[in-house]
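Residue numbering for the sequence shown follows this note's numbering, beginning at 145 and increasing consecutively. All residues carry an ideal CB built from backbone N, CA and C; glycine is no exception. Model, not experiment: these values are computed from the prediction. Since the structure comes first, as structure tokens, the remarks are kept for the end.
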Amino acid sequence: PGGLSQVRTHHYDLVVIGGGSGGLACSREAAQLGQKVAVLDHVQPSARGTAWGLGGTCVNVGCIPKKLMHQAALLGVAMDDAGKFGWSIPGPVSHDWSTLAQAVQNYVKSLNWGHRCAGLLAGIGLDASVMVRSVALRGFDQQMAQLVTGHMEARGTRFHWGCVPTSVEKLPSGLLQVKWTEVRSDLERVEREDTAALTAGRVPETTGLNLPQVGVQLHPDTGKIVVATDERTTVSNVYAIGDVAEGRPELTPTAVKAGKLLARRLAGQSNQLMDYHSVPTTVFTPLEYGCVGLSEESAESRYGKDNIEVYHAFYKPLEFTIAERDASHCYVKVVCDRAGVQRVLGLHFTGPSAGEVIQGFAVSVRCGLTYAQLRDTVGIHPTCAEELTKIHITKRSGLDATVTGC
145 PGGLSQVRTH HYDLVVIGGG SGGLACSREA AQLGQKVAVL DHVQPSARGT AWGLGGTCVN
205 VGCIPKKLMH QAALLGVAMD DAGKFGWSIP GPVSHDWSTL AQAVQNYVKS LNWGHRCAGL
265 LAGIGLDASV MVRSVALRGF DQQMAQLVTG HMEARGTRFH WGCVPTSVEK LPSGLLQVKW
325 TEVRSDLERV EREDTAALTA GRVPETTGLN LPQVGVQLHP DTGKIVVATD ERTTVSNVYA
385 IGDVAEGRPE LTPTAVKAGK LLARRLAGQS NQLMDYHSVP TTVFTPLEYG CVGLSEESAE
445 SRYGKDNIEV YHAFYKPLEF TIAERDASHC YVKVVCDRAG VQRVLGLHFT GPSAGEVIQG
505 FAVSVRCGLT YAQLRDTVGI HPTCAEELTK IHITKRSGLD ATVTGC
């Protein structure tokens, strides 16, 4: 009465803060198990007024729009190839960015309702430059990362290595003047661009939740929430899953799986913990890179260089032949424990449809795949994935790893 809002008390079995992949998966699973659940979600609008809907990073600014735009770039490459396969395409062929952007936005908004970045640019015919402070694809196998960036450079993407941006200024013409310093030479460089994107990783939105005041510990460097193996924080009835949790892969499927398993444990239906080992992933660069398990560097660090065996091969996808596309960056690598049955520690693949290839192999790696089992598997011919079953040259041997013939 009198225009004053009334404070009401509600009781829930589970309250989820964050309507991203993990939060939604956890809340849905809990609700299906008969729990009373509330989901709280808010995204602070950007300086330009951009705000997200439900779905978190993946749906709004991550996996979904990225893959759709990646597909647009692949279609551009396919049109380049089409003439060599006998198709006559009247030219000139051009790309309309606004049409793509609107189509992607419409699909993302449909997902919001339902719940309730550089190789791409080159692939659709735009001029693109990438500034790299230290290494590309930090945390991934660096030989594979170099193959990916090498392929992008060969197709027209420029890389500025060892550079630190110093300023971005909007000129009267509307162009952006980007200044940076080359670390090795200490020289300042300038370039003018239509658009500049800062892609420095993700920052957890934990500062506004007052977590330290209730005893939830945050990592001092990352700001992420410190969790135990069962996702429990330093407060016994508070759990954290997904990107916001310290030491967890920033991947949608891991958040979804962790959310479902947590809901089952909280409902007393299971005691199964999330297994974060050997989680597969793919980088949707123009030449896709998929992997599961340890990088070569991580395997060396954990087991010692003399205690691992690395099998590898450079191959040429059949679809690259008539089109005369450069296949010098198409490569497979299997990192094995050198002792005993040579258990596969890591499996890496650059080439067409890398995600589709690695998804299947990830099952076998989780089941304890050995090199002998991999070699004894019959491949499907002609496919790129079969190269993993034919692999036999070791790095240690120093032999040429280029695949010839069938």
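Where the alpha helix (DSSP H) through K401 begins and ends = Within the sequence shown, residue 401 is the residue found at index 257, counting from 1. Run containing K401: 396–410, per the alpha helix (DSSP H) assignment.
With 16 other Cβ atoms within 10 Å as the buried cut-off, status of N381 = Translated into the one-based positions of the sequence shown, residue 381 becomes position 237. Looking at its Cβ environment, which holds fewer than 16 other Cβ atoms inside 10 Å, N381 is exposed.
task = For F464, name the three-state secondary structure that DSSP assigns.
result = Residue mapping note: residue 464 aligns to position 320 of the sequence shown, counting from 1. If DSSP states are grouped into helix, strand and coil, F464 belongs with the helices.
inquiry  = Out of G230, V237, G386, which one is the CA nearest neighbour of L219?
reply    = For the purposes of this step, residue 219 is taken as residue 75 along the sequence shown, with counting starting at 1. Checked all of G230, V237, G386; the closest Cα to L219 is V237.
key: Simplified DSSP state of P236, which is helix, strand or coil   = Residue mapping note: residue 236 aligns to position 92 of the sequence shown, counting from 1. Note: P236 maps to coil in three-state DSSP.
request  = Over the uninterrupted beta strand (DSSP E) stretch that includes R172, give me the two end residues.
outcome  = Translated into the one-based positions of the sequence shown, residue 172 becomes position 28. Note, R172: premise wrong, no beta strand (DSSP E); alpha helix (DSSP H) at 165–176.
task = Assign L355 to one of two classes, buried (16 or more other C-beta atoms within 10 Å of its C-beta) or exposed (fewer than that).
result = Position 211 of the sequence shown holds residue 355. It is buried - the Cβ of L355 has at least 16 other Cβ atoms within 10 Å.
query = Rounded C-beta distance between M288 and T429? I'm assuming under 8 Å.
reply = Against the sequence shown, residue 288 aligns to sequence position 144. Against the sequence shown, residue 429 aligns to sequence position 285. T429 and M288 do not touch by the CB rule: their CB atoms are close to 11 Å apart, not below 8 Å.
query = Do E394 and A498 have their CB atoms nearer than 8 Å?
reply = Taking the sequence shown and counting its residues from 1, one reaches residue 394 at position 250. Taking the sequence shown and counting its residues from 1, one reaches residue 498 at position 354. No.
task = Taking only the alpha-carbon atoms, compute the straight-line gap between F464 and A191 and give it to the nearest angstrom.
result = To locate residue 464, count along the sequence shown from 1; it is residue 320. To locate residue 191, count along the sequence shown from 1; it is residue 47. Approximately 44 Å, taken between the alpha carbons.
inquiry  = Taking the alpha helix (DSSP H) that K534 belongs to, which residues open and close that run?
reply    = Start at 1 with the first residue of the sequence shown, and residue 534 comes out as number 390. Segment 531–534, the alpha helix (DSSP H) holding K534.
ask   = To the nearest angstrom, how far is it from the Cα of R302 to the Cα of V274?
value = As a position in the sequence shown, residue 302 is number 158, starting the count at 1. As a position in the sequence shown, residue 274 is number 130, starting the count at 1. Looking at the two C-alpha atoms, the distance is approximately 6 Å.
query = Would R346 be called buried (16 or more neighbouring beta carbons within 10 Å of its own) or exposed?
reply = Walking along the sequence shown from the start, residue 346 turns up at place 202. So R346 counts as exposed.
message = For H304, list the residues DSSP reports as bridge partners.
response = Translated into the one-based positions of the sequence shown, residue 304 becomes position 160. DSSP, once it has assigned bridges, lists M275 as partnering H304.
Alpha-carbon spacing of Q215 relative to A389, whole angstroms = Taking the sequence shown and counting its residues from 1, the one referred to as residue 215 is at position 71. Taking the sequence shown and counting its residues from 1, the one referred to as residue 389 is at position 245. If you draw a straight line from the Cα of Q215 to the Cα of A389, it is about 31 Å long.
query = Leaving out the 5 sequence neighbours to the left and right, which residues in its chain are closer than 7 Å to R277 when beta-carbon positions are compared?
reply = By one-based count along the sequence shown, residue 277 stands at place 133. Once the five neighbours on either side are set aside, the close Cβ partners of R277 are C307, V308.
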